[in-house]
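Structure first, commentary second.
In the working numbering, the protein residues as written are 10 to 488.
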């Protein structure tokens with residue numbers, strides 16, 4: 010089927026006709042009335058809702074069936090009847106008079122398809138499948154009804170007023186866009202959602218004043234945002250909001266493209282990640298970029314895998330931004346320390362099995378290159394039931410050697426690679442065999458190591474959970 014071209018029609022004071030008197034016809038008539046159309050409804054057996062609309066003068070009601078000639082002078086017609094003769098005759102008359110026609114659930118007769126619509130005052134979000142599947146359009150509308158809150162109605166009006174004011178003063182487009190970006194920040198919607206419209210209005214005036222004032226732009230802001238373990242479905246709603254409105258996104262190396270699709274079309278997206286065997290941006294360079302962009306008046310998202318403050322150097326970045334006088338906010342993310350074991354069906358705590366868990370970094374700078382970290386790791390393993398090691402691959406042999414004397418060579422371990430990604434893989438084995446199992450399976454970063462009795466106890470439950478992930482591969486060696 011050829012895709013349709015989505016448009017928003019101005020139907021104010023234009024004549025439209027709805028044929029039929031059922032629930033669908035009433036829905037269509039009300040939508041047309043709301044758009045300012047002059048609506049005629051033709052129905053042999055109109056219901057109470059149609060009579061009420063007519064009684065209030067919202068529509069003209071003709072209490073009869075369709076007659077040829079009823080479309081003459083109309084700009085748009087909707088046939089919500091269930092009569093084949095009416096469908097065919099309306100289609101012919103619509104072509105004769107140049108009237109746009111929609112026949113409900115009969116795409117072969119249609120000039121246009123009425124989309125499923127989310128309405129928030131002047132804001133309209135329309136979903137169309139070009140007539141292929143109204144059920145899908147309805148399902149998406151239901152999801153958007155939950156996501157697009159009532160605050161979007163006053164926000165649309167607020168930005169509309171600001172836009173008209175800036176355009177009347179001939180403010181350059183780049184400054185206009187910067188003002189709109191400030192008003193699209195999640196906290197503005199939060200004010201409107203909590204009934205603080207006056208405060209939101211004050212911020213709109215402030216944004217407009219800044220846009221019309223010559224000189225250096227006001228400072229932007231940096232948001233340290235956790236991207237979670239990989240599956241974009243695990244992003245927080247606030248993270249999605251910030252990505253959509255950011256001017257600049259500085260992301261880690263292992264952020265998947267499916268997550269970066271949430272970035273706005275206008276955003277400058279920069280890969281600032283460091284990969285094994287490839288030089289990336291240094292931490293000082295990343296800090297300098299964030300500060301420089303913010304001082305240009307831009308809103309920056311520093312997108313970090315997992316949670317920004319769990320072995321993500323988010324604390325260092327926040328300190329640098331605060332020292333530079335840059336506004337900074339932190340948006341938590343789902344850490345791989347919990348998400349990776351869960352994706353593999355392994356609980357890190359379990360009644361009667363494990364009541365404590367420790368999370369450590371296995372990056373080579375903190376383990377292989379510094380023996381004192383291995384001593385600390387051994388001490389920690391002796392005092393907790395479950396040990397979770399992030400980024401363990403490059404130092405896996407040293408980690409196993411350090412842990413074995415403390416927890417025993419037969420303590421079960423699991424290595425989860427690319428948790429929540431389509432290529433997620435899990436290997437389980439006794440601790441002294443986990444390195445060989447990882448090599449045999451070709452495990453890749455990002456990976457998470459779990460050591461403890463929870464791996465053994467989870468057993469079949471873990472296998473079942475793995476089977477439900479996107480497309481994982483599981484390899485197990487017997488104890």
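Built from N, CA and C at the ideal position, the CB exists for glycine as well. What you are looking at is a predicted structure, and each value in this text was computed from that prediction instead of being measured.
Taking the continuous alpha helix (DSSP H) assigned at residue i, which residues delimit it?
{"i": "residue 406", "result": "405-416"}
{"i": "residue 296", "result": "292-304"}
{"i": "residue 331", "result": "323-332"}
{"i": "residue 195", "result": "195-202"}
{"i": "residue 80", "result": "Where residue 80 is concerned, there is no enclosing alpha helix (DSSP H), given that its DSSP letter is neither H nor E."}
{"i": "residue 347", "result": "345-352"}
{"i": "residue 253", "result": "246-254"}
{"i": "residue 186", "result": "182-192"}
{"i": "residue 177", "result": "161-177"}
Which stretch, first to last residue, makes up the beta strand (DSSP E) that contains residue i?
{"i": "residue 365", "result": "Taken as a continuous stretch (DSSP letters only), residue 365 belongs to no beta strand (DSSP E), as it is neither H nor E."}
{"i": "residue 235", "result": "230-235"}
{"i": "residue 126", "result": "125-129"}
{"i": "residue 260", "result": "257-260"}
{"i": "residue 51", "result": "47-51"}
{"i": "residue 88", "result": "85-88"}
{"i": "residue 263", "result": "Careful: residue 263 lies outside any beta strand (DSSP E) and carries neither H nor E."}
{"i": "residue 445", "result": "Run containing residue 445: none in the beta strand (DSSP E); it sits in the alpha helix (DSSP H), 443-450."}
{"i": "residue 340", "result": "336-340"}
{"i": "residue 395", "result": "395-399"}
{"i": "residue 402", "result": "That residue, residue 402, is in no beta strand (DSSP E); it is neither H nor E in DSSP."}
{"i": "residue 456", "result": "456-460"}
For a test of the three-state rule: what should DSSP assign to residue i, helix, strand or coil?
{"i": "residue 241", "result": "helix"}
{"i": "residue 214", "result": "helix"}
{"i": "residue 426", "result": "strand"}
{"i": "residue 19", "result": "coil"}
{"i": "residue 114", "result": "coil"}
{"i": "residue 137", "result": "coil"}
{"i": "residue 315", "result": "strand"}
{"i": "residue 26", "result": "strand"}
{"i": "residue 370", "result": "strand"}
{"i": "residue 280", "result": "strand"}
{"i": "residue 376", "result": "With a pLDDT of 47 at residue 376, under the threshold of 50, the predicted position of this residue should be treated as unreliable, and no value is reported."}
{"i": "residue 308", "result": "strand"}
{"i": "residue 155", "result": "helix"}
{"i": "residue 434", "result": "strand"}
{"i": "residue 42", "result": "helix"}
{"i": "residue 143", "result": "helix"}
{"i": "residue 439", "result": "strand"}
{"i": "residue 11", "result": "coil"}
Verify whether the separation of the beta carbon atoms of residue i and residue j is less than 8 angstroms.
{"i": "residue 330", "j": "residue 261", "result": "no"}
{"i": "residue 273", "j": "residue 282", "result": "no"}
{"i": "residue 402", "j": "residue 422", "result": "no"}
{"i": "residue 232", "j": "residue 335", "result": "no"}
{"i": "residue 113", "j": "residue 92", "result": "no"}
{"i": "residue 460", "j": "residue 399", "result": "no"}
{"i": "residue 454", "j": "residue 436", "result": "no"}
{"i": "residue 367", "j": "residue 396", "result": "yes"}
{"i": "residue 8", "j": "residue 125", "result": "Here the chain covers residues 10 to 488 and nothing more, so residue 8 does not appear."}
{"i": "residue 391", "j": "residue 462", "result": "no"}
{"i": "residue 157", "j": "residue 108", "result": "no"}
{"i": "residue 166", "j": "residue 175", "result": "no"}
{"i": "residue 21", "j": "residue 44", "result": "yes"}
{"i": "residue 84", "j": "residue 25", "result": "yes"}
{"i": "residue 235", "j": "residue 248", "result": "yes"}
{"i": "residue 409", "j": "residue 382", "result": "no"}
{"i": "residue 171", "j": "residue 192", "result": "yes"}
{"i": "residue 297", "j": "residue 428", "result": "no"}
{"i": "residue 345", "j": "residue 267", "result": "no"}
{"i": "residue 86", "j": "residue 103", "result": "yes"}
{"i": "residue 303", "j": "residue 230", "result": "yes"}
{"i": "residue 53", "j": "residue 73", "result": "yes"}
{"i": "residue 317", "j": "residue 430", "result": "no"}
{"i": "residue 190", "j": "residue 162", "result": "no"}
List the residues that DSSP assigns as beta-bridge partners of residue i.
{"i": "residue 109", "result": "85"}
{"i": "residue 71", "result": "51"}
{"i": "residue 219", "result": "Its beta-bridge partners do not exist; DSSP assigns none."}
{"i": "residue 389", "result": "None; residue 389 has no bridge partner."}
Is the Cβ of residue i closer than 8 angstroms to any Cβ of chain B?
{"i": "residue 194", "result": "The structure shown contains no chain B, having only a single protein chain."}
Problem - Meets three-Cβ-pair contact criterion under 8 angstroms: the segment 244-260 and the segment 349-365 - result: Because the criterion of three Cβ pairs below 8 angstroms is not met, the segment 244-260 and the segment 349-365 do not touch.
Handout entry: contact_flag[the segment 328-344, the segment 207-225] where n(CB pairs < 8 angstroms) is 3 or more
Key = no
Handout entry: Three-pair Cβ contact test at 8 angstroms for the segment 59-71 versus the segment 108-121
Key = no
Exercise for the section: Determine, using beta-carbon pairs with one atom in the segment 32-42 and one in the segment 10-18, whether at least three such pairs fall under 8 angstroms. Expected result: no
Exercise for the section: Indicate whether the contact test is met: 3 or more Cβ pairs, each with one atom in the segment 234-241 and one in the segment 195-207, closer than 8 angstroms. Expected result: no
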